[in-house]
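Q: Letter by letter, the sequence shown follows residues 1 to 364 of the UniProt record's numbering.
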Amino acid sequence: MFPPNLVQACTQQFKTKYGKRVVHVTVTVNDTLFNTTNGTQEVMEITREEVIPVPGQVNGVNALGLVVFSMCFGLIIGNMKEQGQLLRDFFDSLNEAIMRLVAIIMWYAPIGILFLIAGKIVEMDDLTQMGGQLGMYTITVIIGLLIHGVLILPTLYFVITRQNPFIFIAGLLQALVTALGTSSSSATLPVTFKCLEENNRIDKRITRFVLPVGATINMDGTALYEALAAIFIAQVNNMEMNFGQIITISITATAASIGAAGIPQAGLVTMVIVLTSVGLPTDDITLIIAVDWFLDRLRTTTNVLGDSIGAGIVEFLSRHELCSRDVEMGNSVLEEKERKKPYKLISQDSDVENDRHAHTESNM
Numbered sequence: 001m002f003p004p005n006l007v008q009a010c011t012q013q014f015k016t017k018y019g020k021r022v023v024h025v026t027v028t029v030n031d032t033l034f035n036t037t038n039g040t041q042e043v044m045e046i047t048r049e050e051v052i053p054v055p056g057q058v059n060g061v062n063a064l065g066l067v068v069f070s071m072c073f074g075l076i077i078g079n080m081k082e083q084g085q086l087l088r089d090f091f092d093s094l095n096e097a098i099m100r101l102v103a104i105i106m107w108y109a110p111i112g113i114l115f116l117i118a119g120k121i122v123e124m125d126d127l128t129q130m131g132g133q134l135g136m137y138t139i140t141v142i143i144g145l146l147i148h149g150v151l152i153l154p155t156l157y158f159v160i161t162r163q164n165p166f167i168f169i170a171g172l173l174q175a176l177v178t179a180l181g182t183s184s185s186s187a188t189l190p191v192t193f194k195c196l197e198e199n200n201r202i203d204k205r206i207t208r209f210v211l212p213v214g215a216t217i218n219m220d221g222t223a224l225y226e227a228l229a230a231i232f233i234a235q236v237n238n239m240e241m242n243f244g245q246i247i248t249i250s251i252t253a254t255a256a257s258i259g260a261a262g263i264p265q266a267g268l269v270t271m272v273i274v275l276t277s278v279g280l281p282t283d284d285i286t287l288i289i290a291v292d293w294f295l296d297r298l299r300t301t302t303n304v305l306g307d308s309i310g311a312g313i314v315e316f317l318s319r320h321e322l323c324s325r326d327v328e329m330g331n332s333v334l335e336e337k338e339r340k341k342p343y344k345l346i347s348q349d350s351d352v353e354n355d356r357h358a359h360t361e362s363n364m
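(1) Would you please state the rounded distance, in angstroms, between the beta carbons of threonine 302 and glycine 171? I believe it to be under 8 Å.
(2) Jot down the residue ranges of each uninterrupted alpha helix (DSSP H) in the stretch 162-244, minimum 4 residues, whole runs only, in chain order.
(3) Note the first and the last residue of the continuous alpha helix (DSSP H) segment covering valine 314.
(4) In angstroms, rounded to a whole number, what distance separates the CA positions of arginine 319 and phenylalanine 158?
(5) What do you get for tyrosine 18, buried or exposed, if any count of 16 or more other CB atoms within 10 angstroms of its CB means buried?
(6) Out of Leu280, Asn238, Val236, Asn237, which has the shortest C-alpha to C-alpha gap to isoleucine 249?
(7) Could you check whether alanine 118 and leucine 211 sit closer than 8 Å to each other, using their CB atoms as the reference points?
(8) Starting from isoleucine 59, follow its DSSP beta bridges and name the residues at the other end.
(9) Kindly say whether valine 102, judged by its beta-carbon, lies nearer than 8 Å to any beta-carbon of chain C.
(10) Quickly, what does DSSP pair arginine 325 with across the bridge? List them, please.
(11) Under 6 Å Cβ to Cβ from alanine 223, same chain only, skipping five residues before and after it: list those, please.
(12) Can you tell me the Cα-Cα spacing of isoleucine 147 and methionine 99, whole angstroms?
(13) My understanding is that serine 70 touches leucine 196, with C-beta atoms under 8 Å, so please give their C-beta distance in whole angstroms.
(14) Since glutamate 49 and valine 22 should fall inside the 8 Å C-beta cutoff, what is the C-beta to C-beta distance between them, to a whole number of angstroms?
(15) Could you name the residues of the same chain whose beta carbon sits closer than 7 Å to that of isoleucine 313, not counting the 5 residues immediately before and after it, in chain order?
(16) When you compare each of Leu94, Leu287, Gln57, Gly132 to lysine 15 by their alpha carbons, which one comes out closest?
(17) Name the DSSP beta bridge partners of isoleucine 52, please?
(18) Could you tell me the alpha carbon to alpha carbon distance between serine 185 and leucine 228, rounded to whole angstroms?
(19) Can you list, in chain order, the residues of its chain whose CB lies under 8 Å from that of glycine 213, leaving out five sequence neighbours each side?
(20) Work out the CA separation of serine 324 and lysine 341 for me, nearest whole Å.
(21) Once you ignore the five residues that flank valine 150 on each side, which residues in its own chain have a CB closer than 8 Å to its CB?
(22) How big is the Cα-Cα spacing for alanine 103 and threonine 192?
(23) Give the C-beta separation of alanine 9 and glycine 65 to the nearest angstrom, bearing in mind that I take them to be a contact with Cβ-Cβ under 8 Å.
(24) What's the C-alpha gap between valine 272 and threonine 282?
(25) Grab me the residues of valine 7's own chain with a C-beta within less than 6 Å of its C-beta, minus the 5 sequence neighbours each way, in chain order.
(26) Enumerate in chain order the residues of its own chain whose CB-to-CB distance from alanine 234 is below 7 Å, with the five nearest sequence positions on each side excluded.
(27) Mind reading off the beta-carbon distance from leucine 305 to leucine 176? Whole number of angstroms is fine, and I expect it under 8 Å.
(28) How many Å lie between asparagine 200 and tryptophan 293 at the Cα?
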């Protein structure tokens with residue numbers, strides 16, 4: 001949650017590993033407990049293994065830790081007011097530079113995406129056989145993502161805000177297309193910021209807080225995909241799953257999706273956790289790799305849509321607090337201006353008096 005080394009958090013994240021430790025226990029057995037006439041003792045040595053947790057590091061960005069640190073650091077800079085203005089200007093300039101760099105990269109992204117998709121198609125050995133095995137699985141995942149993105153999320157937005165959700169989604173088309181092309185919710189963040197702030201008029205204080213957190217932990221499309229993939233692998237292995245196992249898969253997929261990184265095909269990494277929770281073979285992940293490049297783009301689009309609708313709902317629920325905060329900030333600015341006026345007048349009066357004294361002395 002709070003990384004001790006920020007540089008290390010950019011490349012590695014904490015993970016608990018489990019190691020085995022051999023424990024030798026010496027037990028003394030007293031025969032007097034069983035036979036009162038013989039008081040001999042026997043020494044026995046018992047050897048057993050213990051599994052102990054060992055702290056370790058794995059490759060990957062500790063995004064959640066960086067977000068928590070950035071939030072705390074930003075709050076401190078905000079409370080510093082004028083003393084923290086230099087840092088605020090620095091981070092604003094750095095943010096603008098990164099946004100422009102990503103905008104340049106996005107112009108050349110379609111060419112790379114074209115060759116990426118072509119390479120995945122060439123890697124398939126038999127398109128007919130692969131389509132027969134994974135056709136229903138792919139259709140099921142697509143239908144599930146459509147139900148979540150077209151029905152559940154818009155309905156949730158309408159029930160809470162009483163506004164047309166499809167007008168809101170229309171302002172996100174550029175971000176959704178970018179998510180479909182890049183397959184990364186983190187890479188789509190600059191475009192999502194632009195769509196929400198310019199097209200849908202969402203307050204920057206909301207977008208700059210909700211979207212980075214959502215891109216890290218709000219992976220609703222990934223959770224849905226991992227649950228369906230686990231059930232598909234169970235059916236391929238002719239394993240019947242009871243209601244308790246399905247609930248376990250749902251909870252584990254939700255928790256694993258929170259830890260998934262916002263990069264392409266990050267769901268395949270957390271899929272191991274879901275399969276292990278119900279005893280499914282992890283080697284069968286290779287069955288879905290052939291179509292994961294396509295489904296990953298759809299679930300990333302769903303993730304971005306969920307983050308954006310979440311930002312819209314948060315702004316609606318926080319509209320009164322935002323207005324009151326604006327009023328407070330406006331009053332504080334006016335008070336500062338009013339406080340500065342007397343000092344300016346005093347300094348001006350003192351300058352006039354000094355000029356007057358200098359003029360009289362010169363006349364004398």
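Ideal Cβ placement from N, Cα and C applies to all residues, glycine included.
Just so it is clear, the structure is predicted and the values come from calculations on it, not from any experiment.
A: In terms of the structure at hand:
(1) Their Cβ separation, rounded to whole angstroms, is 17 Å, which puts threonine 302 and glycine 171 out of contact at 8 Å.
(2) 165-170, 173-182, 189-194, 204-217, 220-236
(3) 286-317
(4) Each residue's Cα considered, the two are about 16 Å apart.
(5) Looking at its Cβ environment, which holds fewer than 16 other Cβ atoms inside 10 Å, tyrosine 18 is exposed.
(6) Leu280
(7) no
(8) It is worth fixing the name first, because residue 59 is asparagine in this sequence and not isoleucine. In the DSSP output, where bridge partners are listed per residue, asparagine 59 has Gln12.
(9) Chain labels in this structure do not include chain C; a single protein chain is all it has.
(10) In DSSP, arginine 325 forms no bridge with anything.
(11) Ala253, Thr254, Ser257
(12) 33 Å
(13) Not a contact, Cβ separation roughly 19 Å.
(14) So it is a contact: roughly 6 Å between Cβ atoms.
(15) Tyr157, Ile160, Thr161
(16) Gln57
(17) Looking at the DSSP assignment, isoleucine 52 forms a beta bridge with Gly19.
(18) 21 Å
(19) The sequence shown places valine at residue 213, not glycine. Correct list, in chain order: Val67.
(20) Low confidence applies to lysine 341: its pLDDT is 44, below 50, so where it sits in the model is not reliable enough to give any reading.
(21) There are no such residues.
(22) 12 Å
(23) Indeed they touch by this definition, with Cβ atoms about 5 Å apart.
(24) 6 Å
(25) none
(26) Met241, Leu280
(27) 6 Å
(28) 30 Å
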